[in-house]
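According to the working numbering, the sequence shown holds residues 20 to 357 in order. One structure below.
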Amino acid sequence: MDDILANFKRVQLCHQPTALEEMPRLTKALGGPRLWIKRDDCTGLATGGNKTRKLEFLMADALEAGADMVVTQGAVQSNHVRQTAAAACKLGLDCYALLERRVPNKGQDYEQTGNVLFDHMFNTQIEFFPPGLDMNAEAQAVTERLKQEGRKPYFIPGGGSNAIGALGYVSTAQELLQQCKAIDLSPKLIVLSTGSAGTHAGMVAGFHALGCEIPILGISVRQPEAVQIENVYNLAVKTAALLTDKELPHDKIIVDDGYVGEGYGIPTETMRMATKMLARNEGILLDPVYSGKGMAGLIGQIESGQIEKGGDVIFLHTGGAVSLFAYEDQFSSLHAAE
Ligand SMILES: *Cc1c(COP(=O)(O)O)cnc(C)c1O
């Protein structure tokens with residue numbers, strides 16, 4: 020297979036390929052289909068996660084633009100900000116991060132531990148914001164101000180989700196197909212959690228460019244289905260346009276919004292159950308905001324029969340376990356007996 024990313028600028032930040040592993044005990048516990056996990060939680064940079072893939076392309080663009088710093092934004096416990104800050108350190112750039120207080124009713128710990136602790140470790144300049152603003156617009160305004168002050172800032176949108184960042188998930192799409200081919204595996208479905216849309220969009224664009232018809236199910240962690248489908252589709256179209264002239268059919272984007280619960284970052288019972296189930300059957304840590312809800316979606320669809328028993332299904336683990344420390348109350352000894 021030719022490398023469809025050979026002509027794009029890229030810096031090396033990831034441990035890759037990430038492992039594709041079987042989950043025999045989880046498969047047994049659920050009674051099939053055969054479940055696999057693609058370990059993009061193990062991309063290596065500052066405890067890893069999906070944003071590192073995107074940053075290989077975004078940081079290459081920043082360096083080419085002559086940047087001396089990056090500006091980005093996220094929720095307080097943003098995995099994206101933590102990985103961006105680490106990448107900036109590795110490349111000798113400064114990092115300025117706008118953190119939105121998006122999740123209600125969180126205590127002091129939430130703003131100090133987990134990802135925020137690591138942001139400080141990487142010397143990130145942090146500014147907190149109230150919820151509900153257009154955070155990309157806020158971050159662009161900060162970028163402009165820093166330019167006026169004589170800096171060379173490079174703006175990275177929330178989640179690293181633009182067409183350049185989504186190329187990171189074209190790289191996973193390509194890598195995963197090579198791994199499947201090597202072990203003669205033909206999965207009937209890929210399941211992942213979807214937020215700022217770059218991961219889902221990049222996977223769809225990659226499969227489309229490579230002529231692969233395996234469906235990709237996005238479990239929404241924030242937006243209603245119709246909104247998330249449009250967000251993913253619009254970004255997938257832009258990303259695919261960098262790779263192929265073939266038109267991307269709208270019906271390639273599949274989203275289930277049934278596992279969001281009350282909102283972004285707000286724990287759900289199905290997330291808690293899924294997170295414990297993965298830990299206790301496979302020794303794998305998920306996170307409360309993204310992969311825990313994504314796995315809740317996979318388990319829920321198997322239990323409801325939407326995903327049928329036969330065949331092979333791959334869960335894309337996007338990382339995030341660092342934020343477990345900011346959700347200690349959800350998993351502490353109070354719940355240990357469950
Ligand atoms: C950001 C993130 C996601 C969602 O990826 P998007 O590209 O923003 O849709 C999923 N899981 C984890 C752990 C994340 O940090």
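Heads up, the beta-carbon is just placed ideally off N, CA and C, and yes, glycines get one too.
query                                                                                   : result
Short CB-CB distance (under 8 angstroms) between F344 and chain B                       : Reference to chain B is not applicable here, since this structure consists of a single protein chain.
Environment of H219 [buried if 16+ CB atoms lie within 10 Å]                            : buried
For M42, three-class secondary structure by DSSP                                        : coil
Heavy atom of ligand 1 within 7 angstroms of N26 beta-carbon                            : no
Closest by C-alpha distance to P36, when choosing among I248, E194, Y278, Q320          : E194
Burial state of D276 (16 or more Cβ within 10 Å)                                        : buried
C-alpha distance - V279 paired with N69, whole-angstrom precision                       : 20 angstroms
Residue from G313, E322, M292, A224 whose Cα sits closest to the Cα of T213             : G313
Collapsed DSSP secondary structure at V100 in the structure displayed                   : helix
Residue ranges of each alpha helix (DSSP H) within the stretch 58-90, 4 or longer       : 70-83
Beta bridge counterpart(s) of S212 as assigned by DSSP                                  : I238
Heavy atom of ligand 1 within 7 angstroms of A192 beta-carbon                           : no
Residue closest to Q247, alpha-carbon to alpha-carbon, out of G225, G217, L317, I233    : G217
Length-filtered (4 minimum) alpha helix (DSSP H) runs lying within the stretch 240-264  : 244-260
Among A106, W55, A192, G67, nearest to I23 - alpha-carbon criterion                     : A192
Check whether V189 and G221 have beta carbons under 8 angstroms apart                   : yes
Three-state secondary structure assigned by DSSP to C114                                : strand
Cβ-heavy atom distance, K295 to ligand 1, below 7 angstroms                             : no
Spatial distance of P123 from P150 (CA atoms)                                           : 9 angstroms
Closer than 7 angstroms: H219 CB and nearest ligand 1 heavy atom                        : yes
Under the three-state DSSP convention, the category G225 falls into                     : helix
Cα-Cα separation, D80 to E146                                                           : 24 angstroms
C-beta atoms of L204 and V161 nearer than 8 angstroms                                   : no
Cα-Cα separation, K328 to L49                                                           : 9 angstroms
L297 versus T91: straight-line alpha-carbon distance, rounded                           : 32 angstroms
Check whether F76 and L186 have beta carbons under 8 angstroms apart                    : yes
6 angstroms Cβ shell around S176 - same chain, five flanking residues per side excluded : Ser is not the amino acid found at residue 176; the sequence shown has Pro there. Here the set comprises N155.
V31 versus V332, A107, G237, residue with shortest Cα-Cα distance                       : Per the sequence shown, the amino acid found at residue 31 is Gln instead of Val. When each option's Cα is compared against that of Q31, the closest is A107.
Helix, strand or coil at E119 [DSSP, three-state]                                       : strand
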